[in-house]
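In my numbering, the protein residues as written are -6 to 77.
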């Protein structure tokens, strides 16, 4: 059987997600409140936006999350050094 794939996985997985909804798991923790998620069936990626809702993970959102993660990591390491 030939398997046909789309940008979000194969057709069966996409059908499963269309029928039952996505099954997201955390793929990356950007900050305590912002995370990136990936569907285990169709590989669709989403992230939490400013209002806390899930939105598509576009290249622009990936860049924003990366910058935010760097700022958060630097701030967190600075706070740890001040306490010690």
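Every residue gets a Cβ at the ideal spot worked out from N, C-alpha and C, and that includes glycine.
Cβ distance (whole Å) where residue i is taken to contact residue j below 8 Å
i	j	result
residue 60	residue 50	That pair is no contact at about 15 Å.
Opposing strand residues paired with residue i [DSSP bridges]
i	result
residue 29	21, 40
residue 48	40
Reduced DSSP category for residue i - H, G, I as helix; E, B as strand; rest coil
i	result
residue 35	coil
Candidates the options, of which the one nearest residue i by Cα
i	options	result
residue 30	43, 15, 11	15
residue 64	36, 25, 44	25
residue 18	66, 47, 55	47
residue 38	4, 71, 20	20
Where residue i falls, given that 16 or more other Cβ within 10 Å makes a residue buried
i	result
residue 23	buried
residue 58	buried
Near the ligand MN: residue i beta-carbon under 6 Å from a heavy atom
i	result
residue 13	Among the components modelled here there is no ligand, and therefore nothing to report on the ligand MN.
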